[in-house]
Every structure is written in C-alpha cells, then in structure tokens.
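Trainee: Quick note on the working numbering: the first sequence kicks off at 3 and runs consecutively. Even for Gly, the Cβ is constructed at its ideal location relative to N, Cα and C.
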Amino acid sequence: MTATGSNGEEMNATFNVELFNRSPLLVAPYLLGSVISRDSDEGRVSVRITEVEAYLGVGEDPGAHAHRGKTRRNSTLFGPPAHLYVYFTYGMHHCANVVCQPDGTASGLLLRGGEVVEGIELARSRRGPRVSDRNLARGPGCLTVAMGIDLADNGSDLSKLPFALNVTGDTSDYLSGPRTGINGPGGTEEYLFRFWIPNEPTVSAYKRHPKLARPIA
DNA sequence: TTTTAGATCGTCT
DNA sequence: GACGATCTAAAAA
C-alpha cells in the first residue's frame, strides 16, 4: 500500500488514498505515528502525529462542523479524502483536519498534537523562543502555528507539495477517550472519539470545558 | 497545581 | 449579534 522509495526524503505521497475512504474511527490508528510535513520558503517542518480527534458527518455527530450540513466554511469536509480542512476559530486559532470518506461524505480527523521531528528551529521561530520542544506542536492551535498552516492551506491535497504525509502503518498501541472542548451533546463519554499514543509528552492535557466546570445553578 | 478570564474575528442565524 | 473542535497569563487554592 505504501510506495516507499529509496529516497524517502523526496517522497510526498507515502500513503494509499484508499485508506482515507473509510470512517475516521478506522483511520485514526493509522494517522497516529504518521508524519506530516509542510514546506515553505523558510524550510520544512515535519510532525509525528500523537493525538487526533474524529468528527463524523451530517446528522451522525452533534459536535461536528458538518452536523448541520454543508456550508461555505465546512465545504472542504464534503470533498475528497486525504485533503486538509483548515478553519479559523476563537478569533485567533487555526485548526487542521484530515478529510476522510469519499467525495460527498463529510468526516475528518482533527490534528490535536504531535512531536516536531524536523525543522525544530523553524517551528520555534514561529511559536516563540521560550517554547519547549514538547510544546511546539502540542494542541490544535499550536500545531498549525508550528507548521505554518493557515486558511490559505484549506483544501490542500496531502499527496502534493507543499504537503507530504508518510503513513507508517497501523498503530496498535493507542488509547481513546472523550473529546475536549465540545459543549453539550457530543462532548461527553458518549463519544470516545479522541485517540492518542500512550506516554507521549506531546499529547495535550485533558481539560474540562469551562462551562461544564461551573457549578450547576 | 488547578482554575479563570480575556483576547478576537469568521461564520452562521 | 452570538458564539466557537483554543491558548496563555495570571490568580486562587
């Protein structure tokens, strides 16, 4: 399934697009441990993915952007798989998803955290001089900053430059739990759609949503 | 160590 | 006009 060449450094499509035709719940173990790269004029930053969150399609997942159908913002989710869905939130953060399932079906995997394995200096120049290695791409907003991803990357094909995705294979050693930051239905133990690699310092800490932390009036 | 508030703007109602 | 698939600094415990 993986077209591994002798010059792995130059390859930018070391994965089978068919893999992403499936539900994100099945794709997640393959994305964990995989390495995503992005080139820019300044150089390349590569991140080994250690934490993801699955979001299902129309009517299946109250916490998903696609839940209420296609809009201008989420249209990339409805497009072909193995493309990047980037959105802007909280007035200051970008988040990146890998689109799953065939063209016309909306679902994806949110990249929540990872370990910078290439271009650490460039990543730090984007994040700040005082940020420790483990925190460079820890958290969805931090990951996009470290890689230099913004709205201009929305809809990018991950098998084409400036992106590269190296799927290393099934990661059998992983844990799952409730998603973070989701309000109301979809944010509870009902949906164990968050996946991460155990004992990884680059996995973001679980935080309750502020509204859920408040005493019930 | 844990919790809180504030920043800030594109998108949808 | 309201509200986020969040982050950080700073206060509280």
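Quick check on DSSP: helix, strand or coil for Y89?
Mentor: Strand at Y89.
Trainee: Can you tell me the Cα-Cα spacing of F22 and T107, whole angstroms?
Mentor: Using only the alpha carbons, I get a separation of about 12 Å.
Trainee: Along the chain, which unbroken stretches of the alpha helix (DSSP H) at least 4 residues long are found entirely within the segment 10-49?
Mentor: Here the runs fully enclosed are 26-33.
Trainee: Looking at the secondary structure, which residues open and close the beta strand (DSSP E) in which V60 lies?
Mentor: Unbroken run through V60: none, as it is neither H nor E.
Trainee: Could you tell me how far apart the beta carbons of L79 and A98 are, in whole angstroms, since I believe they sit closer than 8 Å?
Mentor: About 12 Å; that fails the 8 Å criterion.
Trainee: Tell me, please, which residues DSSP counts as bridged to N76.
Mentor: None; N76 has no bridge partner.
Trainee: For A219, count the other beta carbons within 10 Å of its own beta carbon; 16 or more makes it buried, fewer makes it exposed. Which is it?
Mentor: Since pLDDT at A219 reaches only 31, below the 50 mark, its modelled position is unreliable, and the value read off the structure follows with that caveat. When all chains shown are included, A219 counts as exposed.
Trainee: What separation, rounded to the nearest whole angstrom, lies between the Cα atoms of E44 and M149?
Mentor: Rounded to the nearest angstrom, the two C-alpha atoms are 11 Å apart.
Trainee: Considering only residues of the segment 88-169, which uninterrupted alpha helix (DSSP H) runs meet the minimum length of 4 residues and lie entirely inside it, listed in chain order?
Mentor: With a minimum length of 4 residues, the continuous alpha helix (DSSP H) runs that stay inside the segment 88-169 are 122-129, 142-149.
Trainee: Could you check which residue in Y193, I51, T173 has the C-alpha nearest to that of V100?
Mentor: Cα-wise, what sits closest to V100 is I51.
Trainee: Rounded C-beta distance between E55 and V205? I'm assuming under 8 Å.
Mentor: No, E55 and V205 are not in contact; Cβ-Cβ is about 12 Å, not under 8 Å.
Trainee: The beta strand (DSSP E) with F197 in it runs from where to where?
Mentor: F197 -> beta strand (DSSP E) spans 196-198.
Trainee: Just to confirm my understanding: we take S42, look at its own chain, exclude 5 residues before and 5 after, and list those with CB closer than 7 Å. What are they?
Mentor: Within the same chain, S42 has close Cβ partners G150, P164.
Trainee: Terminal residues of the continuous beta strand (DSSP E) containing G171?
Mentor: G171 -> no beta strand (DSSP E), and no H or E assigned at all.
Trainee: Any contact between the segment 25-33 and the segment 66-77? By contact I mean 3 or more CB pairs, one from each, below 8 Å.
Mentor: Output reads no: the segment 66-77 does not touch the segment 25-33.
Trainee: Count the other CB atoms, across all protein chains shown, that sit within 10 Å of the CB of S174; report buried if there are 16 or more and exposed otherwise.
Mentor: Classification of S174: exposed, given that the 10 Å Cβ count is below 16.
Trainee: Please list the terminal residues of the continuous beta strand (DSSP E) segment that includes G179.
Mentor: Segment 177-179, the beta strand (DSSP E) holding G179.
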